[in-house]
DNA sequence: CTACTATTTCCTGGTT
DNA sequence: GAACCAGGAAATAGTA
């Protein structure tokens, strides 16, 4: 038995799940803002954002306002916070069209009021109360008072679990005929999961991801479709998904780093296709089944 | 027990 | 500098 030296270190690797609020009280804080959440874009005045934080801000606005990511030229936003702050409304509308005023207004709000909305508030076992927040910064899922608890992953195991029948024609993991990468059907008797080929826990990673996507009422902003018809999706809370996957596999040290390595192995098998340029974005490939809206 | 699959773990190096 | 991305390599666990 070999003990991995750092396995213990990962157990609490979920700090970004913690509830927190914007913390800059004066508009130009020094860098010593509170502890472990230091450095997140919503804790820092936009003037001091790095390129990465600008990118995070953009992604968040896309999510919370349900903007079409395809309309945003990300390459035009490969800029620092200082540069961003110097952009005029005209600059924004020039770059992103009608979406420009949303970006501009949100940024102005952040610059002068420090109101960034409390994104990333969702955490495990926490009831999010519905409360007033500006539309431009409120995650849509938050408005519905999502409740997330440990029973979530049990839905896959539960005999009574029933997937959203009215909108989800694809079969559940247990009724699905598992198809080998080469297209051969492995089994015709879905009621016998134990006979499934190499599927020890009942669900592969990609199926796990797919089922989160297909169960919106149980997906508290974890992953979202970027292009539903093309099978393109993006992780919103990468570490949270990793924790969930780890929980399913009884592995408390799962991280997004490790989960993503498994995801990359899917490229070769054409279960996933590479999506270049955008972080946390993946696309289902020809060997991934059950994600299409009207798949038979 | 052996072979195999599907990750898991670790790592180096590159990118945003 | 953090968070990702790319893959190689080796380990591991469940199944055939």
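Residue numbers (full-length UniProt numbering): 1 to 296. A virtual CB, placed ideally from N, CA and C, is assigned to each residue, including glycine. Since the structure is predicted, the reported quantities are computational estimates derived from the model, not experimental observations.
- By the criterion of at least three beta-carbon pairs nearer than 8 Å, the segment 247 to 265 is not in contact with the segment 65 to 84.
- When 283, 281, 287 and 279 are compared, the shortest CA-CA separation from residue 270 is found for 287.
- Residue state for residue 210 is assigned as helix, using DSSP reduced to three classes.
- Of all alpha-carbon atoms in 278, 266 and 282, the one lying nearest the alpha-carbon of residue 72 is that of 278.
- Residue 102 and residue 63 have their C-alpha atoms roughly 13 Å apart.
- Taking a cut-off of 8 Å on C-beta distances, the segment 232 to 240 touches the segment 206 to 222, as three or more cross pairs fall below it.
- Secondary structure in the segment 217 to 277: the beta strand (DSSP E) runs of 3 residues or longer, each lying completely within the stretch, are 223 to 227 and 232 to 235 in chain order.
- Under the three-state reduction of DSSP output, residue 283 falls in the strand class.
- Judged by DSSP in its simplified three-state form, residue 63 adopts helix.
- Linking residue 53 to residue 292 through their CA atoms gives a straight-line distance of about 33 Å.
- If you ignore the 5 residues before and after residue 226, its C-beta comes within less than 7 Å of the C-beta of 69, 232, 233, 234 and 281, all in its own chain and listed in chain order.
- The C-alpha of residue 255 lies about 21 Å from the C-alpha of residue 273.
- In the DSSP assignment, residue 295 falls outside any alpha helix (DSSP H) and carries neither an H nor an E.
- Taking a C-beta distance under 9 Å as the contact criterion, residue 100 and residue 89 qualify as a contact pair.
- In this structure, residue 80 lies near residue 49, with their beta-carbon atoms less than 9 Å apart.
- DSSP, read as helix, strand or coil, puts residue 72 in coil.
- Considering only 65, 249, 44 and 95, the residue with the shortest C-alpha distance to residue 111 is 44.
- In this model, residue 294 and residue 108 are separated by some 43 Å (Cα to Cα).
- Assignment of residue 44 by DSSP, reduced to helix, strand and coil, places it in the coil class.
- In the structure shown, residue 91 adopts helical secondary structure according to DSSP, grouped into three states.
- A distance below 6 Å between beta-carbons, with the five flanking residues on each side excluded, links residue 205 to the following residues of its chain, in chain order: 262.
- Counted as a single uninterrupted DSSP element, the alpha helix (DSSP H) harbouring residue 81 occupies residues 81 to 85.
- Collapsing the DSSP output to three states places residue 49 in coil.
- 9 Å or more divides the Cβ of residue 51 from the Cβ of residue 91.
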